[in-house]
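S.K.: If you read the sequences in order, they're chains A and B.
Residue 1425 is where the first sequence starts when you use the working numbering, and the numbers rise one by one after that.
Residue 5 is where the second sequence starts when you use the working numbering, and the numbers rise one by one after that.
The beta-carbon is built from N, C-alpha and C at its ideal position, and this holds for glycine as well.
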Amino acid sequence: NAGVTQTPKFRVLKTGQSMTLLCAQDMNHEYMYWYRQDPGMGLRLIHYSVGEGTTAKGEVPDGYNVSRLKKQNFLLGLESAAPSQTSVYFCASRTGNTDTQYFGPGTRLTVL
Amino acid sequence: GESVGLHLPTLSVQEGDNSIINCAYSNSASDYFIWYKQESGKGPQFIIDIRSNMDKRQGQRVTVLLNKTVKHLSLQIAATQPGDSAVYFCASHEGARQLTFGSGTQLTVLP
């Protein structure tokens, strides 16, 4: 199993550009999450999904949208990127039977 | 709101010594706690977890202690090795709420 994978690993955007980050998991997990990690701060939840076709807002959802059209994929979109969205983005997933989340390797995004 | 914090942002230990990383949480109703290890440039990796009905749980070279009275959580690493150098995060949640993460402690293992 590849576990949780994220695409791309790195990206540089200009202010106002849009992009989509892809998270994929091959563990048949029901729950999927998107977090951002900034220096000196803990992981903060952006959006999450409790199953295919469902999404919900987390702690810092503004400026982001998500979609979960397939159980194995969770997409994070930035419609109009801002410098404040420069961060490292992590995806995570878990089954419905446990609380343990498993993380992907991260996407480092820089918005100029 | 709920907060989770670590006592020290950095910790240095000699190779072979035991390491203790501490974490405090604010929500007395938190019922699940978890420790992650994050190496540079990688995603967080699960180490060990514990539920509020337990005080201690042991894994391979790691032990988590939970003191609900003072809302304190600690991670003990026995015989610390160079490969243990990383940032360690604690996180907790209450019921169906989402995990709240601390800011992390950078553990450096000295030769």
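1) In the DSSP assignment, what residue or residues form a beta bridge with VAL8 (chain B)?
2) What three-state label does DSSP hand GLN18 (chain B) in the structure shown?
3) Which chain A residues are close to TYR36 (chain B), counting only those with a beta carbon under 9 Å from its beta carbon?
4) Rounding to the nearest angstrom, what Cα-Cα distance links VAL91 (chain B) and SER1504 (chain A) in this structure?
5) What residues in its chain sit with their C-beta under 6 Å from that of GLN110 (chain B), if we drop five residues either side in the sequence?
6) Give me the residue from B:SER34, B:SER56 and B:ILE81 with the minimum Cα distance to ASN22 (chain B).
7) Evaluate THR1431 (chain A) with the Cβ neighbour count: other Cβ atoms within 10 Å of its Cβ, from every protein chain shown; 16 or more gives buried, anything less gives exposed.
8) For chain B, find out if any of its Cβ atoms is closer than 8 Å to the Cβ of PHE1527 (chain A); answer yes or no.
9) If the cut is a Cβ gap below 8 Å, which residues of chain A does SER107 (chain B) touch?
10) Using the Cα positions of THR67 (chain B) and LEU79 (chain B), report the straight-line distance between them to the nearest angstrom.
11) Roughly how many angstroms separate the alpha carbons of GLY9 (chain B) and GLY106 (chain B), rounded to a whole number?
12) Could you tell me the alpha carbon to alpha carbon distance between HIS97 (chain B) and LEU1493 (chain A), rounded to whole angstroms?
13) Return the chain-ordered ranges of every beta strand (DSSP E) run that is complete within the stretch 1449-1481 of chain A and spans a minimum of 3 residues.
14) Distance cutoff 8 Å, beta carbons only. Does LEU1469 (chain A) sit that close to anything in chain B?
M.R.: Let me spell this out:
1) The residue given as residue 8 (chain B) occupies position 4 in the second sequence. B:TYR29.
2) Against the second sequence, residue 18 (chain B) aligns to sequence position 14. Note: GLN18 (chain B) maps to strand in three-state DSSP.
3) Mapped onto the second sequence, residue 36 (chain B) falls at position 32. Simply ASP1523.
4) Along the second sequence, one-based indexing puts residue 91 (chain B) at 87. Along the first sequence, one-based indexing puts residue 1504 (chain A) at 80. Straight-line Cα distance between these residues: approximately 32 Å.
5) The residue labelled residue 110 (chain B) in the question sits at position 106 within the second sequence. Closer than 6 Å at the Cβ level, and outside the excluded window around GLN110 (chain B), lie THR14 and VAL91.
6) As a position in the second sequence, residue 22 (chain B) is number 18, starting the count at 1. Minimum Cα distance to ASN22 (chain B) is reached at B:ILE81.
7) Taking the first sequence and counting its residues from 1, the one referred to as residue 1431 (chain A) is at position 7. Exposed.
8) For the purposes of this step, residue 1527 (chain A) is taken as residue 103 along the first sequence, with counting starting at 1. It does; some Cβ of chain B falls within 8 Å.
9) The sequence position of residue 107 (chain B) within the second sequence is 103, counting from 1. Per Cβ cutoff of 8 Å: GLY1464, MET1465 and GLY1466.
10) Residue 67 (chain B) sits at position 63 when you count from the first residue of the second sequence. Residue 79 (chain B) sits at position 75 when you count from the first residue of the second sequence. Distance between the alpha carbons of THR67 (chain B) and LEU79 (chain B) is about 6 Å.
11) Here residue 9 (chain B) corresponds to residue number 5 of the second sequence, with the count starting at 1. Here residue 106 (chain B) corresponds to residue number 102 of the second sequence, with the count starting at 1. Distance between the alpha carbons of GLY9 (chain B) and GLY106 (chain B) is about 5 Å.
12) Position 93 of the second sequence, counted from the start, is the residue given in the question as residue 97 (chain B). Position 69 of the first sequence, counted from the start, is the residue given in the question as residue 1493 (chain A). Spanning the two alpha carbons is a distance of roughly 27 Å.
13) 1455-1461 and 1468-1473
14) Within the first sequence, residue 1469 (chain A) is the residue found at index 45, counting from 1. Yes, LEU1469 (chain A) lies at the interface with chain B (some Cβ there is under 8 Å from its Cβ).
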